[in-house]
Amino acid sequence: RVWRAMKASDSQECRNCHNFSVMDTAGQGRFAGRIHATAAKDGKACIDCHKGISHTLPQTPKQEDENPIAYDRDLAHEINQTCAPCHGRSGQGTPDGIYPRLAGLDPDYLTRQLEHFKAKTRINIPMLPYATERELPRDDITTIVAHLSQQDLPTKLASTDDAKPFDALSRLQESKAVLNIPLYPGDAARGRRFYARECASCHGRDGFGDRERTIPQLAGQHSLYLKRQIADFAGAKRIHDSAEDTEIFKSFSETEIDNMLAYLSTLDD
Numbered sequence: 016r017v018w019r020a021m022k023a024s025d026s027q028e029c030r031n032c033h034n035f036s037v038m039d040t041a042g043q044g045r046f047a048g049r050i051h052a053t054a055a056k057d058g059k060a061c062i063d064c065h066k067g068i069s070h071t072l073p074q075t076p077k078q079e080d081e082n083p084i085a086y087d088r089d090l091a092h093e094i095n096q097t098c099a100p101c102h103g104r105s106g107q108g109t110p111d112g113i114y115p116r117l118a119g120l121d122p123d124y125l126t127r128q129l130e131h132f133k134a135k136t137r138i139n140i141p142m143l144p145y146a147t148e149r150e151l152p153r154d155d156i157t158t159i160v161a162h163l164s165q166q167d168l169p170t171k172l173a174s175t176d177d178a179k180p181f182d183a184l185s186r187l188q189e190s191k192a193v194l195n196i197p198l199y200p201g202d203a204a205r206g207r208r209f210y211a212r213e214c215a216s217c218h219g220r221d222g223f224g225d226r227e228r229t230i231p232q233l234a235g236q237h238s239l240y241l242k243r244q245i246a247d248f249a250g251a252k253r254i255h256d257s258a259e260d261t262e263i264f265k266s267f268s269e270t271e272i273d274n275m276l277a278y279l280s281t282l283d284d
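Each number in the numbering used here comes from the position in the sequence shown (counting from 1) with 15 added on.
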């Protein structure tokens, strides 16, 4: 009832603070400007998009899910034998930017990307042999996504216990599960400002994404993978939220991108 009343008043409650001069798209980030301009052209009120997501508390790092998805762990480990040679046994990906980190990502986001691969609405050559109904039926997607989304990768090695014998093999295995993104060359302070203007409204102030809107986290993802995705968005090899965003990605300078990646590379420290 509240939302209907606000919509009928053209979201007057919102506009009491967010007035038209504040909402001038010329002064907004490029993505926000595109989204608001499209909404205005379509005759939408503020509440059509912002219902339920306005005035949220400051973002905090994602917490452990109190009710994690139950899944067949034996089956998940069997399926993961196909994924691990590229993405790593724990879903940690590779720092060269070829294979992304999958561990700890939103299960709905992972599911959507796998479905896109299967439908070939997102083309990725290495995934073609695996993203088929025969190789990856829906039940298997549910299982492997539950498994990967619950992988919690440490960002540094735990301290050794001097009272116990040192086990070099165990220590080596522990080190392989650690994922800490190296600092990317660039001006992180400028990158933080650029990110806040262009990306934070969707991907979150601290880069943890938005699970309610199936928006992925960027914090803890490999810098070169992110850079490759930005290039794919700019080249229309991959579609962002809208096909119109291709031109926005093209407008980003190399320096702006590098500065943003420098900032993002600090978020998992």
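Built from N, CA and C at the ideal position, the CB exists for glycine as well.
Bear in mind the structure is a predicted one, so any value in this text is a computation, not a measurement.
Start-end ranges of the alpha helix (DSSP H) lying completely within the stretch 174–258, minimum 4 residues
Counting only runs of 4 or more, we get 183–191, 203–213, 215–218, 238–249.
Give me the Cα-Cα distance between residue 280 and residue 197, rounded to the nearest whole angstrom.
6 Å
Can you tell me the Cα-Cα spacing of residue 204 and residue 272, whole angstroms?
13 Å
Inter-residue Cα distance where the pair is residue 180 and residue 186
If you take the alpha carbons of residue 180 and residue 186, they lie about 11 Å apart.
Residue 213 burial status per 10 Å Cβ neighbour count (16 or more: buried)
buried
Should residue 85 be labelled buried (16 or more other beta-carbon atoms within 10 Å of its own) or exposed?
Per the 10 Å Cβ criterion, exposed.
Per-residue DSSP class, three states only, for residue 146
coil
Measure the beta-carbon distance from residue 122 to residue 164 and round it to whole angstroms, keeping in mind my assumption that it falls under 8 Å.
4 Å
Compare the Cα-Cα distances from residue 44 to each of 266, 110, 119, 168 and report the closest residue.
266
When you compare each of 193, 52, 104, 246 to residue 283 by their alpha carbons, which one comes out closest?
That would be 193, whose Cα lies nearest to the Cα of residue 283.
Can you tell me which of the three DSSP states residue 112 falls into?
coil
Rounded to the nearest angstrom, what separates residue 373 and residue 53 at their Cα positions?
Nothing about residue 373 can be reported from this structure: the residues present for the chain run from 16 to 284 only.
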